[in-house]
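Everything below concerns the one structure shown next.
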Ligand SMILES: Cc1cc2nc3c(=O)[nH]c(=O)nc-3n(C[C@H](O)[C@H](O)[C@H](O)COP(=O)(O)OP(=O)(O)OC[C@H]3O[C@@H](n4cnc5c(N)ncnc54)[C@H](O)[C@@H]3O)c2cc1C
Ligand SMILES: NC(=O)c1ccc[n+]([C@@H]2O[C@H](COP(=O)([O-])OP(=O)(O)OC[C@H]3O[C@@H](n4cnc5c(N)ncnc54)[C@H](O)[C@@H]3O)[C@@H](O)[C@H]2O)c1
Ligand SMILES: Cc1cc2nc3c(=O)[nH]c(=O)nc-3n(C[C@H](O)[C@H](O)[C@H](O)COP(=O)(O)O)c2cc1C
Ligand SMILES: [Zn+2]
């Protein structure tokens, strides 16, 4: 095509250079990549996927089925971008694609952000219909969002020469745009595509914020923005998409949609020399008029209909154009590069062919309302004979479809329909404001649309008659599918791949359905088209992730003592979202050395750890004890104020859910701790039962996990370290025994002190207000310095508690473990009901061959058998072997100076004394099954 | 492979489109993968000639064409490992047996572990797999990088990659081709595939099923197998059986096609799994929606979260485009293991509950279910997967193996 | 945290305060209000500021009192007013920290990470809600036309601040991508 | 992606809630037989159509409540308190 010296919606003062496959070309501001290529006489923009045929630009918008390019450089390289939607910018780098996109490993500096928005009325589409709708609703005072994928409002009016109120439509668009901009509650979003329609009128938009700007001007701006709109009413004014026709060699560069030919003229000032127009409906006659007026030779006007009686054909005849009705294109001829040179023309009724030379063939097979968003909501469609297409069927609640999207192709219809929809949507929400008169346009009487879609190849070879240009699927391909016995369009899609490309069958689906119907002699209305799904337009992954990347991806939760751990050089582990200190290596130490040192400090001296991540729940009310008795497997109600008890909870199915310490602070007030991972779930579980099962109980819960920072001070010297820090708190064994709780003051801080111990050593667990946690830590460290107080981490804790045979829920247990399996049958109160108890009575829960917790001692005391290893009786058995259980915790114990661990094995403690093997790729170490308590079985140290 | 080439593998003939006969020895309800596989094995392994598959829509319209096609057998429990490994062995011979290029590709399934807990569980699974004769190996972060260089193994990540377990024999197959291949194979063995035929009721006399009420009329049946996946609760209710299932949406998505770069990579902690289909599109899945639904669409926030998660592991995918999303309705059991066996109704058999992970089971599911139907009693491989385990409490918990569903 | 000073929006940390959570039966709600010197406890999605106190609705039987730092006596005062059998009162002063986001663009910043409709027709001064900022639960209260308070658990504070700062950078046009 | 009306706080995005499964399931006495207990633990209705279900406004007011949602369309027709029955709710 050639660029005309003037005209179009281009800024001729701003010439832009861009690169195409390494060549530097130029265009103007206002161009798309597609129009700029056409303006540079690049008619072949890529090769077809399967057959390698040359392909050009076939549309000027959303219909595009072939002209996809790879754009950008480095980390911003974006594959498969529709070149009819890429606005040209200075320095744009674009490449034609060799089938697949190529990704860049470089870092992408583009910012993709997200915005939530709420609207009374969301209007999708900024053509005449959408503008009229937004204006009407906006003037009523409604909160309106209107989005259009183009750079400016106008839709079809930008490509056509309509009059509104007797003046060029562009003037109305401009005036309406100004009015919209002046309404404070209206948000106009150009360059914004609605790509997903969700339940309850959630509309998701992709805004191109800076993609059209030269790279240098983008800094500080988002590349794209994801809008999550919730709208009370949605108006779909998404227009209609023109449909191509199927005939031999219908895929050459130089063949384009009739409306696209007008768009390239009116928007981009591009014209061919000689054009053939081939249509099945009236609208394509606008192409005849407009291109003729622009000086293009109209080589032929072919109308597949037997008669063309609508207003536009009549006008064309009056203007002296020769219209051939019942005439069709039966083939095309290309030059050595495959670019269109001439078309073969014949009458549908038969007879000879003639050749008509031309450099552009404009085709129009009719119009398909753009209903992807409606289909995403599972909105129905129905076949319409007169327009030979699918129109919206039953409405989706709170959603209206208007204008060309609703099969109303007259501009006046669009303007009136849009305005009425806008008014109705606002009125439904109770708005009553200014009503401006409707603009009007004189609509031509529209003739019927022919249902012709395919011109049979005169030589019977349908392998060059393309239905899906993107996936290179032809009529022959569909025929082959039908021959295989396939009947349903969805099967045809999957057999041929029609509609599975980037354009998702927008231009191919209806013709594919027709091919199927024709092939098996069924009514097309019944055959239908394959389904539409989100997104309506492809969007980059990064847009959906938006800012949820890097530091914003997910919270890193830390305790108030975290800075101290960092300063001590702690190595951290992730426990859910928390960071916990795993161990504190000193110079020259690896993990095992550090852990041994930390363990020994606990056992022989004094040590402290940060246990602030434990979940904490304050339980108050006269029925608290009754409530906790229903939750825990063991009795809580008998607990005396000032005392604590280890508690265990099951799920309803009897599986161990969580464990923790329950403290009774006052007769009607408890303080419950949970494992770090279950802080939320236990709170929810409790709240759920109070609200839904036992609303009669007067119990109130408050999550206080982050009200309290907790530091266990542990070891035989703990009492000595703590003593000088407390005032009026008797720490003696008699006054403050194991499992007692006291409120008081520690290091000048209001504190709660509990004699609980997970390590089996003398321990005082001190809790203070969260924001005083660090002060407490420092004070304890300070007070302990004379005793070589040692911070210890979760790894040492794990060793210490394993020595005591204490389980960690989720490590030594899994989703099948009952309390008895975990060796905690003593915690099951027989004389009360609790959640999960009934499930424990089922036969499979009572079997004696269930897995049970045991200890293991490897034969070789220097070998730590890895956690997760499975145990068998016969290490030489062929696979599949008879697996008896697995090792759940496994360490070296500094206290018993050898490797040891815990395991779950069938039969549990009945196997004590047996020798089992842990086969791995490199050997099968033997272990002896022992009782799971390795250290201080009587608990004398803990109680000390 | 060339993006369109696999369409060319489709053979000239797939199936007849017969009208239903008045009665069959066995009628299979549900023309998904498991229904087709059952019918095929009834004819192939048990010589039962008069078999029909009745399908309310088109063959495969349910989860068969919606799944992300990950195939592996590295399940935790012994019963599961035996069953899924049986399936994997069949996959290894299926292209030949079915005489159809189903593009089974053993490119490996790598499950990433991000924290100590996951590493421990990963090892537990690996060791149990090895003893069960299922291949599984541990890769540390460095080996992960070598196996799949585009995985981000940087220690700065919120959830850095600590390592992972790899099943090299795992992989993918072309889902549509498997539907076509099985349907063709069953059709060749004389099975009537009756599409557009919805079962709306059962003839049950004195506790025994004798036929089906369908939208194509009554069809007599000596035995009936229910293989309705997500719609099983609706079917079971018609037959008066209660099933412990939840029907919930599970989404998946594909990108436009990019240069090949990827085996199958799963991250449970991040709730995302990615593979690359033969054409070159990235295929990605995430968690299921929590609620009951038959609407075949999922929630958008799951997409957003899964993209954020995917870009943690694969920052290179930032500008790849989301091309299409969809959802299937999966039949989830309380223990994440299937139910394959007899029911309280005589000669009515049930195969369901494969939930988010039954594609990989297609060959073996049909194999054992055909056995169960033919003999009126389960095969050793599916004996534990009975309906009554929910009453006795003998569940086969596989939640760990299917945290991120695939 | 550094204050983000810019054209249209400002984010700062709020000083420490006494916070007391209370859950109370219908029967004792008036007594609680009397003790707080307000005519009634605030209703759904609202808060009341009176005499240096803020009382925020958190749920149908749950409110949060925010008083100047150090006024711990509010815990016992409220407990006495409510009565031991009619509810629970808990000192939660350390359980949440606060931010204030103010300026004409404050609402836009929140729209980058919070799905709540904060349009004056839907929310406005006196509005209060528990909701999410990105993945963190917060209490959001609007104190005047252009000022919001955000209360969040301390372990989520850095994360929420990072989101808000990113939102501020976004509206101020000096955003970074920093992945 | 649902928009759910909490009977207390009003309409909020699905992400603020947690699903609680079928509503109006009574906990049986603990002396029922294993079959009835299994039914209570595991069997839910899964209707294709309106379904009364429980949700909790976990990131908001933390109240449990019920809605009636159509499992075919995801349309939500009612939102009501646990103390109400699906019929008498408005
Ligand atoms: C998004 C997604 C991703 C998945 N990813 C994987 C994966 O990576 N790996 C894996 O192994 N598994 C995966 N799965 C699971 C897998 O798809 C299913 O477990 C498996 O396909 C179920 O078996 P099916 O193919 O027989 O089911 P379906 O194809 O659903 O078959 C059931 C059939 O029964 C028919 N039917 C129902 N009711 C009636 C009736 N009344 N009358 C007649 N016919 C009826 C249905 O129409 C349907 O065709 C995934 C599933 C989904 C949804
Ligand atoms: N006579 C005919 O046969 C015929 C056929 C079709 C259209 N028309 C003319 O076209 C015009 C139709 O007006 P209209 O306003 O209904 O449609 P339109 O085509 O003018 O406008 C629709 C707008 O919606 C945009 N859009 C579509 N999908 C979108 C999405 N998902 N997100 C964002 N934007 C999206 C498009 O870019 C376009 O700008 C009238 O002038 C009519 O006369 C005539
Ligand atoms: C492994 C796999 C790969 C797919 N690849 C594509 C693809 O390249 N293009 C496409 O449009 N759809 C692809 N799909 C999705 C299907 O088009 C379709 O969405 C899916 O089968 C569900 O059907 P429905 O969307 O009609 O409900 C793929 C699906 C699967 C399971
Ligand atoms: Zn609420």
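Chains as they are written, first to last, in my numbering: chain A, 1342 to 2285; chain B, 476 to 881; chain C, 485 to 663; chain D, 9 to 98.
All residues carry an ideal CB built from backbone N, CA and C; glycine is no exception.
query                                                                                                                                                                                                  : result
Whole alpha helix (DSSP H) runs in the region 553-596 of chain B with 4 or more residues, listed along the chain?                                                                                      : 553-573
Who are residue 2331(A)'s beta bridge partners in DSSP?                                                                                                                                                : Because residue 2331(A) is not part of the residues shown, which for chain A are 1342 to 2285, the question remains open.
Cβ closer than 7 Å: which chain C residues qualify as neighbours of residue 1455(A)?                                                                                                                   : 596
Using a cut-off of 9 Å between C-beta atoms, extract the partners of residue 72(D) located in chain A.                                                                                                 : 2028, 2029, 2032 and 2033
Excluding five sequence neighbours on each side, which residues of the same chain lie with their C-beta closer than 6 Å to the C-beta of residue 1574(A)?                                              : 1462, 1739 and 1766
When you check each C-beta in the region 731-749 of chain B against every C-beta of chain A, which residues fall closer than 7 Å?                                                                      : 731, 732, 733 and 734
Listed from N- to C-terminal order along the chain, which residues in the region 852-868 of chain B have their beta-carbon within a distance smaller than 9 Å of any beta-carbon of chain E?           : Of the chains in the structure shown, none is chain E; the protein chains are A, B, C and D.
Is the Cβ of residue 35(D) closer than 8 Å to any Cβ of chain A?                                                                                                                                       : yes
Which residues, in chain order, sit with a beta-carbon under 5 Å away from any heavy atom of ligand 4?                                                                                                 : 14(D), 16(D), 17(D), 65(D), 68(D) and 69(D)
Check whether the Cβ of residue 752(B) sits closer than 7 Å to any heavy atom of ligand 3, and report yes or no.                                                                                       : yes
Please list, in chain order, the chain C residues whose beta carbon lies closer than 7 Å to that of residue 21(D).                                                                                     : 599
Does the Cβ of residue 520(B) have 16 or more other Cβ atoms within 10 Å, making it buried, or fewer, making it exposed?                                                                               : exposed
Classify residue 630(B): buried if its beta carbon has 16 or more other beta carbons within 10 angstroms, exposed otherwise.                                                                           : exposed
Less than 8 Å between the beta carbons of residue 2199(A) and residue 2206(A), yes or no?                                                                                                              : yes
Any Cβ of chain D within less than 8 Å of the Cβ of residue 1964(A)?                                                                                                                                   : no
Mind checking the region 1992-2005 of chain A against chain D and listing, in chain order, the residues whose C-beta falls within less than 7 Å of any C-beta there?                                   : 1993 and 1994
By the 7 Å beta-carbon criterion, what residues does the region 40-60 of chain D contribute toward chain B?                                                                                            : 42, 43, 46, 47, 50, 51, 52, 54, 56 and 59
At a CB-CB cut-off below 8 Å, which residues of chain A make contact with residue 82(D)?                                                                                                               : 1540 and 1541
Spell out a yes or no on whether the region 551-563 of chain C and the region 589-605 of chain C are touching, meaning 3 or more CB-CB pairs, one atom from each, closer than 8 Å.                     : no
Can you check whether the CB of residue 1640(A) is closer than 8 Å to the CB of residue 1615(A)?                                                                                                       : yes
Can you pull the chain A neighbours of residue 768(B), defined as C-beta to C-beta under 8 Å?                                                                                                          : Chain A residues near residue 768(B): none, gap ~10 Å exceeds 8 Å.
For a contact defined as C-beta to C-beta under 9 Å, what are the partners of residue 1792(A) on chain D?                                                                                              : None at all; the shortest Cβ gap to chain D is about 32 Å.
Spatial neighbours of residue 575(C) within its chain, please: C-beta separation below 7 Å, excluding the five flanking residues on both sides.                                                        : 504, 556 and 559
Is residue 2047(A) close to chain C, meaning its C-beta is less than 8 Å from at least one C-beta of that chain?                                                                                       : yes
Check each candidate in 630(C), 528(C) and 522(C) and name the one with the smallest Cα separation from residue 535(C).                                                                                : 522(C)
Return the Cβ separation of residue 1626(A) and residue 1581(A) in integer angstroms, given the expectation that the two are a contact with Cβ distance under 8 Å.                                     : At roughly 16 Å, the Cβ-Cβ gap does not stay under 8 Å, so residue 1626(A) and residue 1581(A) are not in contact.
Nearest to residue 2014(A) by CA position, among 1756(A), 1722(A), 2056(A) and 2095(A), is which residue?                                                                                              : 2095(A)
By alpha-carbon positions, which one of 2154(A), 1975(A) and 1934(A) ends up nearest to residue 2235(A)?                                                                                               : 1934(A)
To the nearest angstrom, how far is the alpha carbon of residue 2072(A) from that of residue 2084(A)?                                                                                                  : 12 Å
Please go through the same chain and pick out, in chain order, the residues whose beta-carbon is closer than 6 Å to the beta-carbon of residue 1419(A), but skip the five residues on each side of it. : 1412 and 1413
Let me know the beta strand (DSSP E) ranges lying completely inside the region 568-624 of chain C, each 3 residues or longer, listed in chain order.                                                   : 571-575, 581-586 and 612-617
Please indicate yes or no: does the CB of residue 1471(A) lie closer than 7 Å to some heavy atom of ligand 2?                                                                                          : yes
Could you name each continuous alpha helix (DSSP H) segment of 4 residues or more that falls completely within the region 1993-2059 of chain A, going from the start of the chain to the end?          : 2020-2029
Could you check which residue in 833(B), 799(B) and 712(B) has the C-alpha nearest to that of residue 1844(A)?                                                                                         : 799(B)
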